[in-house]
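Residue numbers (our numbering), protein chains in the order written: chain A, 1 to 425; chain B, 1001 to 1425.
Below: one structure, written as structure tokens.
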């Protein structure tokens, strides 16, 4: 990894840990020492719905409010971390974990899943899980937001993604399929859902490292224009197209989806809507409306929610600035104003839980390498993010929607969805 | 058919035709005779988007604004019908067709499809296709609304429905499947989507003549409580359960869905939501929330829209009082407030077009019989309704949504949807 890549990695503006972990700390000076910490921690756990976890406080007191045996133990290394957690648990848990002020004994993903699934008090849920105001997704804001995450360096992502570098939910035909096979199956699944035909002109909004664009060209004879504002990804994708001799069929364009022009038979977007921001959905629908002819159709694949909520505050701050997972209701701002007909919605949240579990396992196998590339704080941040993703999809606090749609009067569509499940076409 | 059934049929409060079709009429006395009728008719056709149809006016003038050859010719028998059409086309077309003041030469469904698909001027669309205020769906209002349509007499529906009396969109595994097979396939499709298992307790909200309840019991070993406020349908369904020896497994309850109590593994509702009214969706969600345990799941099958609009004014007045086809966005009022996770949405609008085409063909073969049971006006009203249904689904002004959902934390679900497409289980 080059120094510039190192720079990109450390752009994760996680605050530096306190200089001396053992000595007295600035935060502790104002800590009210008369407060019974165990009493506070118990109240905190109850407000969180008494998940089956155990907290060990800095004074070695152990607290749990669950009847079930704990799935994991959380160790707080200092008093101030407890008080910070009370103030803003979602954000401060992440900060403290990255700092090393919190350690989790046990399976990190399982621990987070248990916390997510606990029936938190509604008031506590609102107060405690409050989110940050997302960073704006203006043209320049989007560029900054995407650069923050996706330009971390291809070498880094290669350590734990599949060989084709797909960084979106895979589709596992069977639970024991490999991640490699499941990513190919996902590409095939979305192509079939969009009823891709040889010669189709496809526009892809947000194309990652280009694997889907190349798949559509190679396996479905499509003519693809793929948009992405991540410079590193576009460079990689172009190289890949050259390597595979597909440069005449696939054009990678380093530009914002808002600048899409031309007419296409199919609009395809896998894993971009999370970065669009709901205030831009109607505008996105207008772009789709502008570029689809009377027989046009499309597919949007996105992380979503069953009820509206901002992204986890720590993830929004450090991992995905500006991101927002929509509900199906919110997504309808894309389709309704333009009378686009929604044909098929599939929720693949357990497939994302499995995808993220694969990523986490591969990441953990590569932690030494990541530590060399970067530092311990970065390793802890990404471990927490990947474990949290696994947990959030398992616990249903996140969903994964694939929404296939078409122009209202497009009647030349497959009669049923059976073709999605045939071995090959 | 007994006299009381005849009474039910003539409750369709279509106004009686004018006493003397040939002589002067009340409506005509105020008709401004100086208006150039052909000029008005041309303006009307242009505002409707110049569909490929021809109008022959009462004075024998022929009007068309389309470039394409007309798919059908509309004959107006008197001047006032033209003016009434201009005032409220959606409602007055139906009134005039039933009165015999309008005749359509050509395929009625194809004619309506052409009109629906024409790109009407947006302003014209709002002014001309304006809807009536739907009849309320209070407990007593719902009973009146449902009685109006579903208690017309089983003998009448038997003439043109399939042998099991399913009066909802069928599912055609292949386009040439018979209506009988397609209705069985639909029942199996929704059972699989709801992941029905032997011993499951199922509540069905709106059960028609009981075919699905009996199917769930016989083929999936379910224990079913089925609710319906149509007296004639419940009586028929109970007799059917007796005949099939399923009375221990299936209980038919003549009551409103709002009075559902108890706990069930599966909530099933096929073709009832249209009659619920969108102001009651949150309440319906509350009922689902109340009756589903942690592993609970369900399915709602309903006519819908791609963008919000009231039901066709004539249909709302004479065929389905109180009915409203929701958009997916509007349907989310059922799920979002209760954190129910939407798993699968399938749009089967072309299957409804085909279902309605089957019904129309059977109805037209039985018109003499219906005429004997009732009168010509009733025949014309139902012909128009069934042709209009075929046309509306073909032209995408109506959609058919099957929405499968589950409790948020229900993870024990089929891994993919492939099992929906296996020959048998």
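A virtual CB, placed ideally from N, CA and C, is assigned to each residue, including glycine.
Please read these numbers as outputs of a predicted model, since none were measured by experiment.
Runs of beta strand (DSSP E) wholly within the segment 1134-1190 of chain B (minimum 3 residues, chain order): Fully enclosed beta strand (DSSP E) runs of 3 or longer: not present.
Residue 152/A: CB within 7 Å of a non-hydrogen atom of the ligand ZN: Absence of the ligand ZN from the depicted structure is noted, as is the absence of any ligand whatsoever, leaving it without description.
Beta bridge counterpart(s) of residue 1301/B as assigned by DSSP: For the purposes of this step, residue 1301/B is taken as the residue at position 301 of the second chain. 1270/B, 1402/B.
Any chain A beta carbon closer than 8 Å to residue 1336/B: Locating residue 1336/B in the second chain gives position 336, counting from the first residue. At least one chain A Cβ lies under 8 Å of residue 1336/B.
Where residue 37/A falls, given that 16 or more other Cβ within 10 Å makes a residue buried: Here residue 37/A is taken as the residue at index 37 of the first chain, counted from 1. Buried, by the Cβ-count rule.
Bridge partners - residue 970/B, DSSP secondary structure assignment: With chain B represented from 1001 up to 1425, any question about residue 970/B goes unanswered, as that position is not in the structure.
Buried or exposed by the 16-neighbour rule on C-beta atoms within 10 Å, applied to residue 52/A: Along the first chain, one-based indexing puts residue 52/A at 52. Looking at its Cβ environment, which holds 16 or more other Cβ atoms inside 10 Å, residue 52/A is buried.
Residues near residue 1330/B by beta carbon distance below 8 Å, same chain, minus five either side: Taking the first residue of the second chain as 1, we reach residue 1330/B at position 330. Cβ neighbours of residue 1330/B beyond the five flanking positions: 1278, 1281, 1308.
C-beta neighbour in chain A for residue 1346/B, strict 8 Å: For the purposes of this step, residue 1346/B is taken as the residue at position 346 of the second chain. Residue 1346/B counts as touching chain A.
Beta strand (DSSP E) runs contained entirely in the segment 64-95 of chain A, provided each spans 3 or more residues: Scanning the segment 64-95 of chain A for uninterrupted beta strand (DSSP E) segments of 3 residues or longer gives 72-76, listed from N- to C-terminal end.
Within chain B, the residues that residue 50/A reaches when beta carbons sit closer than 8 Å: As a position in the first chain, residue 50/A is number 50, starting the count at 1. Within 8 Å Cβ-Cβ: nothing; residue 50/A doesn't reach chain B, min ~16 Å.
Straight-line Cα distance separating residue 42/A from residue 1310/B: Counted from its first residue, the second chain places residue 1310/B at position 310. Counted from its first residue, the first chain places residue 42/A at position 42. Take the alpha-carbon of residue 1310/B and the one of residue 42/A: they are about 53 Å apart.
Below-8 Å beta-carbon distance, residue 332/A vs any chain B residue: Within the first chain, numbered from 1, the residue matching residue 332/A stands at position 332. At least one chain B Cβ lies under 8 Å of residue 332/A.
For residue 1387/B and residue 1405/B, the rounded distance between their alpha carbons: Translated into the one-based positions of the second chain, residue 1405/B becomes position 405. Translated into the one-based positions of the second chain, residue 1387/B becomes position 387. Their Cα atoms are separated by approximately 32 Å.
Cutoff 6 Å; reference residue 124/A; Cβ partners in own chain excluding five residues on either side: Position 124 of the first chain, counted from the start, is the residue given in the question as residue 124/A. These residues qualify, in order along the chain: 47.
Given residue 1219/B as reference, the closest of 1196/B, 1412/B, 1322/B, 1240/B once Cα atoms are compared: On the second chain, residue 1219/B is found 219 positions in, with the first residue counted as 1. Here the closest residue by C-alpha is 1196/B.
Euclidean distance between Cα positions of residue 262/A and residue 293/A: Sequence index remark: in the first chain, residue 262/A carries index 262 (1-based). Sequence index remark: in the first chain, residue 293/A carries index 293 (1-based). Whole-angstrom Cα-Cα distance: 10 Å.
Below-8 Å beta-carbon distance, residue 183/A vs any chain B residue: Working through the first chain from its first residue, we reach residue 183/A at position 183. For residue 183/A, the answer is no, since every Cβ of chain B falls outside 8 Å of its Cβ.
Cβ separation of residue 326/A and residue 273/A, assumed to be a contact under 8 Å, to the nearest whole Å: As a first step, residue 326/A must be located in the first chain, where it is residue number 326. As a first step, residue 273/A must be located in the first chain, where it is residue number 273. So it is a contact: roughly 7 Å between Cβ atoms.
Residue 1317/B versus residue 1233/B - alpha carbon distance: Sequence index remark: in the second chain, residue 1317/B carries index 317 (1-based). Sequence index remark: in the second chain, residue 1233/B carries index 233 (1-based). For residue 1317/B and residue 1233/B, the distance between alpha carbons rounds to 22 Å.
Neighbour flag for residue 1117/B against chain A, beta carbons, 8 Å: Position 117 of the second chain, counted from the first residue, corresponds to residue 1117/B. By this cut-off, residue 1117/B is an interface position.
Chain B contact residues for residue 173/A, given Cβ-Cβ distances below 7 Å: Working through the first chain from its first residue, we reach residue 173/A at position 173. In chain order: 1416.
For residue 341/A and residue 243/A, the rounded distance between their alpha carbons: Here residue 243/A corresponds to residue number 243 of the first chain, with the count starting at 1. Here residue 341/A corresponds to residue number 341 of the first chain, with the count starting at 1. Rounded to the nearest angstrom, the two C-alpha atoms are 38 Å apart.
Contact under 8 Å by Cβ, residue 1314/B with residue 1156/B: Residue 1314/B sits at position 314 when you count from the first residue of the second chain. Residue 1156/B sits at position 156 when you count from the first residue of the second chain. Cβ atoms of residue 1314/B and residue 1156/B: not closer than 8 Å.
Separation of residue 352/A from residue 407/A, as counted between CA atoms: Your numbering for residue 407/A matches position 407 in the first chain. Your numbering for residue 352/A matches position 352 in the first chain. Answer to the nearest angstrom: the Cα atoms are 29 Å apart.
Which of helix, strand or coil DSSP assigns to residue 423/A: In the first chain, the residue the question calls residue 423/A occupies position 423. Coil at residue 423/A, not helix or strand.
Opening and closing residue of the alpha helix (DSSP H) in which residue 1379/B lies: Reading the second chain from its first residue, position 379 is the one you call residue 1379/B. Run containing residue 1379/B: 1376-1394, per the alpha helix (DSSP H) assignment.
Contacts that residue 266/A makes with chain B (C-beta to C-beta distance below 7 Å): Along the first chain, read from residue 1 onward, the residue named residue 266/A stands at position 266. By Cβ distance, chain B contributes nothing, its closest Cβ being about 18 Å from residue 266/A, past 7 Å.
When 1413/B, 1235/B, 1162/B, 1102/B are compared against residue 1083/B, the one with the closest alpha-carbon: Indexing the second chain from 1 puts residue 1083/B at position 83. Ranking the options by Cα distance to residue 1083/B, first place goes to 1102/B.
Within-8 Å CB hit, residue 421/A to chain B: Within the first chain, numbered from 1, the residue matching residue 421/A stands at position 421. By this cut-off, residue 421/A is an interface position.
Own chain partners of residue 395/A with C-beta closer than 7 Å, once the 5 adjacent residues on each side are dropped: Your numbering for residue 395/A matches position 395 in the first chain. Once the five neighbours on either side are set aside, the close Cβ partners of residue 395/A are 113, 116, 117.
Element boundaries [alpha helix (DSSP H), containing residue 365/A]: Within the first chain, the letter at position 365 stands for residue 365/A. Unbroken alpha helix (DSSP H) run through residue 365/A: 349-365.
Any chain A beta carbon closer than 8 Å to residue 1408/B: By 1-based counting over the second chain, the position of residue 1408/B is 408. True, the Cβ-Cβ gap to chain A drops below 8 Å.
Top-ranked residue by Cα proximity to residue 247/A, from 210/A, 377/A, 381/A: Position 247 of the first chain, counted from the first residue, corresponds to residue 247/A. Out of 210/A, 377/A, 381/A, 210/A has the C-alpha closest to the C-alpha of residue 247/A.
C-alpha distance - residue 76/A paired with residue 354/A, whole-angstrom precision: Reading the first chain from its first residue, position 76 is the one you call residue 76/A. Reading the first chain from its first residue, position 354 is the one you call residue 354/A. The straight-line gap from Cα to Cα measures roughly 30 Å.
Proximity test, Cβ basis, 8 Å: residue 1154/B and chain A: Working through the second chain from its first residue, we reach residue 1154/B at position 154. So, not an interface residue.
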